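One structure is given here, and the rest of the page talks about it.
Number of protein chains: 2
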Amino acid sequence: MSDPAELTIAEASRAIARRDLSPVELTRACLARVERLNPALNAFVVVTAESALEEAARAEAELLAGKYRGPLHGIPVAYKDLFDTAGVETAAGSAVLRGRVPDRDAAVVARLRAAGMVMLGKTNTHEFAWGTTTNNPHTGPTRNPWDPERIPGGSSGGSGAAVAARMCPAALGTDTGGSIRIPAALCGCVGLKPTFGRVSRAGIIPMSWQFDHPGPLARSVEDAALVLQAVAGYDPEDFATVPVPVPDFADALVPDVRGLRIGVPRDQFFGLLDPEVLVAVEEALEVLRGLGAAVDDVESGFTREDIIAAWRLVNVEGRLYHAPWLEQSPEAYSEELRGVLLQPLPEPLDLSAAYLASYRVKEAVRRLFEQVDLLVTPTTMRAASRIGEDPVQVEGIELSTGAAFASLTMPFNVAGTPAVSIPCGFTSDGLPIGLQLAGRPFDEVTVLRAAFAFECATDWHRRAPAV
Amino acid sequence: MSDPAELTIAEASRAIARRDLSPVELTRACLARVERLNPALNAFVVVTAESALEEAARAEAELLAGKYRGPLHGIPVAYKDLFDTAGVETAAGSAVLRGRVPDRDAAVVARLRAAGMVMLGKTNTHEFAWGTTTNNPHTGPTRNPWDPERIPGGSSGGSGAAVAARMCPAALGTDTGGSIRIPAALCGCVGLKPTFGRVSRAGIIPMSWQFDHPGPLARSVEDAALVLQAVAGYDPEDFATVPVPVPDFADALVPDVRGLRIGVPRDQFFGLLDPEVLVAVEEALEVLRGLGAAVDDVESGFTREDIIAAWRLVNVEGRLYHAPWLEQSPEAYSEELRGVLLQPLPEPLDLSAAYLASYRVKEAVRRLFEQVDLLVTPTTMRAASRIGEDPVQVEGIELSTGAAFASLTMPFNVAGTPAVSIPCGFTSDGLPIGLQLAGRPFDEVTVLRAAFAFECATDWHRRAPAV
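Protein chains in written order, with our numbering: chain Z, 16 to 482; chain B, 16 to 482.
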């Protein structure tokens, strides 16, 4: 067998079930890659090698004793440094929380532990997840496995780089404006933002109470579905979750989009794109059409201004969440984040309009799903930029990294609807391009089914960076 | 048989099933009471007598043909004037919308029509539902059937008065700060605010996108459960609804609270109460204890300031919703409502704090339900005040009608959790007193079960005003 770290969860899981692979062997293989690659990529900020091997040994003993916890049993996983992990430092990429060791797992971590996953460590993010590049002044930049001079995207960039570089088959991230889907796009993996309320946020350091969504980054749609299955569900500890039944996401793994009505909202999502991104996305739409989907243009029904306005709510929430620490130890914040958090708050009417804008976006997206079953767009306007490059260029126009990378993902945070980014091609520089598929609330099955059909018809997700 | 209008839905339904009563007979009986009582009570602003009789005749024909739509088939109902009703004026108690005739039913109206209910008309509310007294400058005050000099509570006061006066067995209302539960308490009927997202708001003129909840007012817990059954469920037209399964609310109709953990949050709900309200509520708690519930004090975990702060969001939403009309035709608004809507918006930091406060309340209520299964409180601080009396007194202290009547209901709008008001006694002046029972999100079954057990053990809900 080649390097077990190269296996997807589904492949590793089958090998484990056949006893062709042991969790310890798999964990060792992943840790070996972490050891070899992490010094250059800086995807992990904490590696829990010792406890990982203990957990893997325990999984192995359970499996030998016939106690099978399911397809994630014995599979390594990593968590963005926002997820509380009992006994393991959780600092949210900040200096304020450096050395903070929670005594309890986040709900998602507890669920994956119960499913038998083996924690490899914590992945890099921005200071308190505020950014889209994963260039953290305290922990250093994470580098993109496809080109170490480039960003992995953010704020779950450590998770994206770790998965893309085959350091672990899956990692958890959070997505407030695109922070799962952006690194998935820029690192060439699968990143799923579930419906708001599908996955508990209990024990995750918040960025926004309204727009935060935890979810998996993985190397295939099937793997993302397997992780979602284990983490989805009502949690009385997160008031945003609701007791909506959790479907069997294996139902999504049927490569069939015949008759599916796909909407392409060109007005808000195709206005400014890198030409290579545009070509890859148009080709992807052709693939979906070829598979039998009805692909048609639709009008978004919201404006860029609506999204920007709604996003102001996140700044306000951030300001409030950080206020006590900002007062006590302002010097523990980078000047940049301090500047963001302390920027003047919007005028009352503007702030009020922000509310209204967020409802307008929700309502517009709801109406779109009266016409179509799925929306398909590029995930980002361009592929990965160089570390430190800000502004970045798209078609000769200068944009902030936030605008260039998060403009196309944010609408689905405001709407709260599920969205996935999957690989759909590469630029001539060999950088991955992401395709975004968004569905109705709580209809991850349709999103994943279309993504799976695309994946079966192409092989973009099988390409690995030469690291 | 005595006056069929005196029957509850369940009783009328059984009589209809036995063919002892026909929908036409029942509708005529209700219309006769409307004709007799409405001139004095002003509960209805529109009476659709002709179409009601047509609908009743149709229901009768269907029943005779063996097409039984269920327990609501042939039962009259009325709608607060906020609910769109196809072909029937829906003005939200305003001059701005006077003469507005929607061409489509609100989702709830459509569901009850499909269940076979017969619409009697539209009930009075405040101008755009902004108030707690149902004293509307455009349509006149609704009078409390227990004492016509007194308010019925609001803003679903027309619905409360209509149900209490036996003009119809049930009416729909909306509850943004207590507007179903307050008139239920002051008129001596049952008013249920379901979980936020349990019932669609599509086609209902909004007051607040975050806190509006439609629900039934009825004369028994069973009747409220029957109406909830028909209106509950996911609706893609309201982004707040979620595909949570709708339980069989008949499961709630078991008078058993043995072992139920009931929390009494005295700090926030008992601080200032009319002594007769306090006595009635303490006696109600004794009844529940006697039935086997474990009744214990709990600490609310939020403050009055949190609720007031969170409520600011409603003012902001109102201002935004009404802005175009306020600009075009300010004179069409009463001076009072114009004053409310045009009051200075809160400072940015206060407005931001309003967000935070609403999360704090949600989180506090969530924690309460870790300790107990149900919260029980008074619904209002006092019984019905005199029409035009504002401020009102509670224990010698002057309060606005909003503070006196909505302070104890608002927290469950902010939390989004289900809450019911049921009759629990009378003042020495013969005015009804309401008991509020609040439960976990989407756990209306427990709320209704405890309310049903209380109802079976007492007979407060059977008392009718001498009209």
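For glycine and all other residues, C-beta sits at the position ideal for the given N, C-alpha and C.
Remember, it's a predicted structure, so these values are computed and weren't measured experimentally.
Taking the Cα positions, residue 396 of chain Z is about 36 angstroms away from residue 128 of chain Z. In summary, the residues of the region 341–370 of chain Z whose CB is separated from some CB of chain B by less than 9 angstroms are 359, 360, 361, 362, 363, 364, 365, 366, 367, 368, 370, in the order they occur in the chain. With respect to the 7 angstroms criterion, residue 136 of chain Z and residue 62 of chain Z are classified as neighbours on the basis of their beta carbons. By the beta-carbon neighbour count (other beta carbons within 10 angstroms, threshold 16), residue 451 of chain Z is buried. Listed in chain order, the non-local C-beta contacts of residue 320 of chain B below 8 angstroms within the same chain comprise 372, local neighbours out to five positions each way being set aside. The three-state secondary structure of residue 290 of chain Z, taken from DSSP, is helix. Scanning chain B for C-beta atoms nearer than 9 angstroms to the C-beta of residue 212 of chain Z yields 257, reported in chain order. Residue 181 of chain B counts as buried, since at least 16 other C-beta atoms from the protein chains shown sit within 10 angstroms of its C-beta. Excluding residues up to 5 positions away in sequence, 147, 192, 193, 197 lie with their Cβ nearer than 7 angstroms to the Cβ of residue 421 of chain Z in the same chain. With fewer than 16 other Cβ atoms from the protein chains shown falling within 10 Å of its own Cβ, residue 260 of chain Z counts as exposed. At a cut-off of 7 angstroms between beta carbons, residue 275 of chain Z makes no contact with chain B.
Out of Z:425, Z:406, Z:410, the CA that lies nearest to the CA of residue 416 of chain Z is found in Z:406. In the DSSP secondary-structure assignment, residue 264 of chain B is not bridged to any residue. At least one beta carbon of chain Z lies nearer than 7 angstroms to the beta carbon of residue 224 of chain B. Neighbours of residue 332 of chain Z across chain B, judged by C-beta separation under 7 angstroms: 370. Counted as a single uninterrupted DSSP element, the alpha helix (DSSP H) harbouring residue 54 of chain B occupies residues 38–56. Non-local beta-carbon contacts of residue 349 of chain Z in its own chain, meaning distances under 6 angstroms to residues more than five positions away in sequence, involve 142, 152 in chain order. Closer than 7 angstroms to the CB of residue 427 of chain B there is not a single CB belonging to chain Z. Within the same chain, and ignoring the five residues on either side of residue 298 of chain B in sequence, the residues whose Cβ sits closer than 8 angstroms to its Cβ are 439, 440. Residue 93 of chain Z carries a strand assignment under DSSP once its states are collapsed to helix, strand and coil. Within chain B, the residues whose beta carbon sits less than 7 angstroms from that of residue 374 of chain Z are 224, listed in sequence order.
As DSSP reads the structure, residue 413 of chain B sits in a beta bridge with B:408. Selection B:31, B:41, B:466, B:51 evaluated against residue 265 of chain B yields B:466 as nearest (Cα-Cα). A direct Cα-to-Cα measurement between residue 78 of chain B and residue 124 of chain B gives close to 21 angstroms. Separation of residue 307 of chain Z and residue 249 of chain B (C-alpha to C-alpha, rounded to the nearest whole angstrom) is 29 angstroms.
Within its own chain, the residues whose Cβ lies closer than 8 angstroms to the Cβ of residue 314 of chain B, once the five positions on either side in sequence are excluded, are 280, 282, listed in chain order.
Residue 461 of chain Z and residue 455 of chain Z have their C-alpha atoms roughly 8 angstroms apart.
Put simply, of Z:116, Z:296, Z:55, Z:71 the residue whose alpha carbon is nearest the alpha carbon of residue 393 of chain Z is Z:296. Here residue 131 of chain B is buried, its C-beta having at least 16 other C-beta atoms within 10 Å. Residues 353 of the same chain have their beta carbon placed closer than 8 angstroms to that of residue 345 of chain B, with the five preceding and five following residues left out of the count.
Less than 7 angstroms separates the beta-carbon of residue 113 of chain Z from that of residue 106 of chain Z. Cβ-Cβ separation between residue 56 of chain B and residue 176 of chain B: approximately 5 angstroms, consistent with a contact (criterion under 8 angstroms). For residue 451 of chain Z, the enclosing beta strand (DSSP E) begins and ends at 447–454.
Check the Cα spacing between residue 213 of chain Z and each of Z:262, Z:310, Z:203: the tightest is with Z:262. At least 7 angstroms separates the beta-carbon of residue 229 of chain Z from that of residue 239 of chain Z.
Under the three-state reduction of DSSP, residue 79 of chain Z is assigned to helix.
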